[in-house]
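A.B. asks: Have a look at this one.
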Amino acid sequence: MSFSILFFLLLITMATADPLRPRYYSETCPEAESIVGDVIMKAMIREPRSGASVMRFQFHDCFVNGCDASMLLDDTPTMLGEKLSLSNINSLRSYEVIDEVKEALEKACPGTVSCADIIIMASRDAVALSGGPSWEVKLGRKDSLTASQKDADDIMPSPRANASFLVDLFAKFDLSIKDLVALSGSHSIGQGRCFSIMFRLYNQSGSGKPDPAIEPKFREKLNRLCPIGGDENVTVDLDATPQAFDNQYFKDLVAGRGFLNSDETLYTYPWTRPYVKLYGKDQDKFFKAFVEGMIKLGDLQSGKPGEIRTNCRVVNSRAVDVLLES
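Position one of the sequence shown corresponds to residue 1 (the UniProt record's numbering), numbered consecutively onward.
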């Protein structure tokens, strides 16, 4: 990672921006939060996996140049966006749910609610609707005018990342070890692809041997689901209760049943292990720490100029072009 990118990461939390605050739309669009919650609930009834997918948008958006909905922009002839970045391609899904939210909000309050704020509200609602905590979100973000596939590639961690790397990465955003472990609990819901763990099962560190941290019976299960030469796009539950936002994820890590390397090393790494054990024993403390982490993550802003997009997939000038072409 270049020095310029690292320097920019450090500046994200210091950049001057309009202050975020709760109930930002109380006068301009008082039904905004209820509209978002209603659309997310219907989407999760239609497709339960969409809850986990929508929740992850906050992580993939905010880490890359702040919470500005840059990850929602489609590619253009002059810009490679973030949807095809290494961390997003074949991984992120349910973009259409955000489109549905935006369409509903545009009908109720045209040109008022940013796509960046939609991501923050939708992530909160996806957690709450999955049985996790709810919290008051701060709003008032603007949508970015551009996106960068390169920045997403440079910043977002790989599923192969270990806890030491993640601790250093989170520190660049002024997020603590406690925040790292609590926010990793987002993997309490959802699924991951076999592609992400093949090296753990069959070629750990190039040795040709499986990762010894994997509990034997769990490894047998993974070997059946993700055989050598099999379809690496097959999905596997990230924990034993993949539709319930709870602390089972941490219990699984203690038992050696973490799916991703970036998950299981949170238990094997001494600095993060105490929090894994704590949250595995006390769900209330996990929920409290998760909320604190999500609020801090939502505070990341680039300070760059922005707008309120009418279509989350394109900046407004392009949105006009699309309408004219349709």
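The C-beta atom is built at its ideal place from N, Cα and C for all residues, glycine as well.
Going by CA-CA distance only, name the one from Ile-214, Ala-126, Asp-61 and Asp-174 that's closest to Lys-142.
C.D. replies: Asp-61
A.B. asks: List the residues that DSSP assigns as beta-bridge partners of Val-314.
C.D. replies: Asn-311
A.B. asks: Going by CA-CA distance only, name the one from Leu-222, Pro-110, Met-55 and Asn-311 that's closest to Tyr-25.
C.D. replies: Pro-110
A.B. asks: Please work out which residues of its chain come closer than 8 Å, Cβ to Cβ, to Thr-235, disregarding the five sequence neighbours upstream and downstream, and give them in chain order.
C.D. replies: Gln-191, Gly-192, Arg-193 and Cys-194
A.B. asks: Cα separation between Ala-152 and Ser-188?
C.D. replies: 24 Å
A.B. asks: Helix or strand or just coil, what does DSSP make of Asp-168?
C.D. replies: Note: Asp-168 maps to helix in three-state DSSP.
A.B. asks: Which residues does DSSP pair with Phe-277 in a beta bridge?
C.D. replies: The sequence shown places Lys at residue 277, rather than the Phe named in the question. Bridge partners of Lys-277: none, in fact.
A.B. asks: Taking the alpha carbon of Ala-147 as the point to measure from, which residue in Leu-183, Leu-175, Ile-119 and Ser-70 has its own alpha carbon closest?
C.D. replies: Ser-70
A.B. asks: Using only CA atoms, which one of Met-156, Asn-261 and Leu-166 lies nearest to Ser-196?
C.D. replies: Asn-261
A.B. asks: Bridge partners of Leu-139, per DSSP?
C.D. replies: Arg-21
A.B. asks: Please report the straight-line C-alpha distance between Leu-104 and Leu-300, rounded to a whole angstrom.
C.D. replies: Just to set this straight, residue 104 is Ala in the shown sequence, not Leu. Taking the straight line from one Cα to the other gives about 26 Å.
A.B. asks: Output needed for Ser-317: all residues of its chain with C-beta closer than 8 Å, excluding positions within five of it in sequence on either side, in chain order.
C.D. replies: none
A.B. asks: So, for Arg-93: in the same chain, excluding its five sequence neighbours on each side, which residues have a beta-carbon less than 6 Å away from its beta-carbon?
C.D. replies: Ser-53
A.B. asks: Quick one: what's got a C-beta closer than 6 Å to Thr-112's C-beta in the same chain, skipping five residues either side?
C.D. replies: Thr-28 and Cys-29
A.B. asks: Tell me, please, whether the stretch 276–294 touches the stretch 239–252 by the rule of three or more beta-carbon pairs shorter than 8 Å.
C.D. replies: yes
A.B. asks: List, from N- to C-terminal side, the alpha helix (DSSP H) runs of 4 residues or more that fit wholly inside the stretch 89–168.
C.D. replies: 95–108, 115–129 and 149–155
A.B. asks: Helix, strand or coil for Arg-224? Go by DSSP, reduced to three states.
C.D. replies: helix
A.B. asks: Please confirm whether Asn-90 and Asn-233 have their CB atoms less than 8 Å apart.
C.D. replies: yes
A.B. asks: What does the alpha-carbon distance come out to for the pair Gly-256 and Arg-219?
C.D. replies: 9 Å
A.B. asks: Between Leu-297 and the rest of its own chain, which residues show a CB-CB distance below 6 Å, the 5 nearest in sequence each way excluded?
C.D. replies: Cys-62
A.B. asks: Could you work out which residue in Asp-75, Lys-209, Gly-81 and Tyr-269 is closest to Ile-64 when comparing CA atoms only?
C.D. replies: Looking at the sequence provided, one finds Val at residue 64 rather than Ile. Ranked by Cα distance from Val-64, the first of Asp-75, Lys-209, Gly-81 and Tyr-269 is Gly-81.
A.B. asks: I need the DSSP call for Val-306, collapsed to helix, strand or coil.
C.D. replies: Reading off the sequence, residue 306 comes out as Gly, not Val. Coil, per DSSP.
A.B. asks: Looking at Ile-228 and Asp-125, is the spacing between their C-beta atoms short of 8 Å?
C.D. replies: Contact: no.
A.B. asks: Please work out which residues of its chain come closer than 6 Å, Cβ to Cβ, to Gly-131, disregarding the five sequence neighbours upstream and downstream, and give them in chain order.
C.D. replies: Ala-244 and Phe-245
A.B. asks: What's the gap between the Cα of Ala-128 and the Cα of Glu-136?
C.D. replies: 12 Å
A.B. asks: Could you give the first and the last residue of the continuous alpha helix (DSSP H) run that contains Asp-61?
C.D. replies: 50–62
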